[in-house]
Amino acid sequence: MAAGIWVRLMHKTRIERDTTVECAHEEWIKALEKACHQLDVSRPMVLARHERDWEQFSQARFLKEHFVEDVPFDRMEVEFIDPDKKRKKQNPYASFL
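In this note's numbering, the protein residues as written are 208 to 304.
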(Lines of atoms letter the chains of each structure in order from A and count residues from 1; the text may use other names and numbers.)
(Lines give C-alpha, C1' and ligand atoms only; values in the text may rest on other atoms or scores of the structure.)
Protein backbone atom coordinates (compact mmCIF):
# COMPACT_ATOMS: atom_id res chain seq x y z
CA MET A 1 0.00 0.00 0.00
CA ALA A 2 1.17 3.52 -0.73
CA ALA A 3 1.10 6.31 1.83
CA GLY A 4 -2.27 7.67 2.84
CA ILE A 5 -4.63 8.43 5.69
CA TRP A 6 -6.48 6.06 7.98
CA VAL A 7 -9.79 7.50 9.17
CA ARG A 8 -11.53 5.91 12.17
CA LEU A 9 -14.97 6.68 13.57
CA MET A 10 -14.69 6.01 17.30
CA HIS A 11 -17.32 5.31 19.96
CA LYS A 12 -15.56 5.38 23.36
CA THR A 13 -12.53 3.13 22.69
CA ARG A 14 -14.09 1.06 19.90
CA ILE A 15 -13.67 1.59 16.16
CA GLU A 16 -17.18 1.73 14.66
CA ARG A 17 -16.07 2.11 11.03
CA ASP A 18 -12.84 2.96 9.25
CA THR A 19 -11.37 3.49 5.82
CA THR A 20 -8.06 4.32 4.19
CA VAL A 21 -7.40 6.72 1.34
CA GLU A 22 -4.10 7.03 -0.54
CA CYS A 23 -2.61 10.51 -0.56
CA ALA A 24 0.52 12.57 0.03
CA HIS A 25 1.07 14.05 3.48
CA GLU A 26 0.29 17.58 2.27
CA GLU A 27 -2.99 16.57 0.57
CA TRP A 28 -4.65 15.14 3.69
CA ILE A 29 -7.65 17.52 3.64
CA LYS A 30 -8.61 16.41 0.10
CA ALA A 31 -8.24 12.78 1.17
CA LEU A 32 -10.31 13.46 4.30
CA GLU A 33 -13.15 14.70 2.10
CA LYS A 34 -12.98 11.48 0.05
CA ALA A 35 -12.89 9.34 3.23
CA CYS A 36 -15.92 11.16 4.64
CA HIS A 37 -17.79 10.44 1.42
CA GLN A 38 -16.86 6.73 1.71
CA LEU A 39 -18.01 6.64 5.35
CA ASP A 40 -21.16 8.66 4.55
CA VAL A 41 -20.51 11.39 7.11
CA SER A 42 -20.18 15.13 6.72
CA ARG A 43 -16.70 16.62 6.53
CA PRO A 44 -15.62 18.25 9.81
CA MET A 45 -14.39 21.82 10.14
CA VAL A 46 -10.60 21.81 9.92
CA LEU A 47 -9.31 24.35 12.44
CA ALA A 48 -5.83 25.77 12.95
CA ARG A 49 -5.47 23.34 15.86
CA HIS A 50 -6.00 20.37 13.52
CA GLU A 51 -3.46 21.71 11.04
CA ARG A 52 -0.86 22.16 13.82
CA ASP A 53 -1.51 18.61 15.09
CA TRP A 54 -1.14 17.33 11.53
CA GLU A 55 2.19 19.09 11.03
CA GLN A 56 3.59 18.00 14.40
CA PHE A 57 2.16 14.50 14.82
CA SER A 58 0.71 13.49 11.40
CA GLN A 59 -2.65 12.94 13.02
CA ALA A 60 -5.77 14.92 13.91
CA ARG A 61 -8.78 14.26 16.12
CA PHE A 62 -12.22 15.71 15.41
CA LEU A 63 -14.89 15.81 18.13
CA LYS A 64 -18.67 16.08 17.70
CA GLU A 65 -18.51 19.88 17.93
CA HIS A 66 -16.31 20.01 14.81
CA PHE A 67 -19.20 18.76 12.66
CA VAL A 68 -22.10 20.90 11.46
CA GLU A 69 -24.49 17.93 11.45
CA ASP A 70 -25.13 15.56 14.35
CA VAL A 71 -22.88 12.48 14.11
CA PRO A 72 -23.43 9.00 15.64
CA PHE A 73 -19.87 8.65 17.00
CA ASP A 74 -17.73 10.31 19.70
CA ARG A 75 -14.78 11.34 17.56
CA MET A 76 -13.08 10.92 14.20
CA GLU A 77 -9.37 10.12 14.22
CA VAL A 78 -7.23 10.75 11.15
CA GLU A 79 -3.71 9.39 10.96
CA PHE A 80 -1.10 9.43 8.21
CA ILE A 81 0.33 6.01 7.42
CA ASP A 82 3.40 5.35 5.32
CA PRO A 83 4.53 1.71 5.24
CA ASP A 84 7.86 2.66 3.63
CA LYS A 85 8.87 5.05 6.42
CA LYS A 86 10.17 4.04 9.84
CA ARG A 87 7.71 4.67 12.66
CA LYS A 88 10.07 6.25 15.22
CA LYS A 89 13.26 8.20 14.86
CA GLN A 90 16.28 6.55 16.39
CA ASN A 91 17.52 8.12 19.60
CA PRO A 92 20.81 9.94 18.77
CA TYR A 93 22.07 9.17 22.29
CA ALA A 94 21.32 5.43 22.09
CA SER A 95 25.01 4.57 21.62
CA PHE A 96 25.79 6.18 25.00
CA LEU A 97 23.15 4.21 26.91
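All C-beta atoms in this analysis are idealised placements derived from N, C-alpha and C, irrespective of residue type, glycine included.
**Prompt:** So, residue 280 versus residue 223, is the Cβ gap smaller than 9 angstroms?
**Reply:** yes
**Asked** What are the start and end residues of the beta strand (DSSP E) that includes residue 250?
**Response** Taken as a continuous stretch (DSSP letters only), residue 250 belongs to no beta strand (DSSP E), as it is neither H nor E.
**Item:** Pick from 229, 225 and 235 that is closest to residue 246, judged by C-alpha positions
**Value:** 225
**Asked** Considering residue 326, what are the terminal residues of the alpha helix (DSSP H) in which it resides?
**Response** Nothing about residue 326 can be reported from this structure: the residues present for the chain run from 208 to 304 only.
**Request:** Check whether the Cβ atoms of residue 210 and residue 232 lie closer than 9 angstroms to each other.
**Result:** yes
**Asked** What residues in its chain sit with their C-beta under 7 angstroms from that of residue 278, if we drop five residues either side in the sequence?
**Response** 248 and 271
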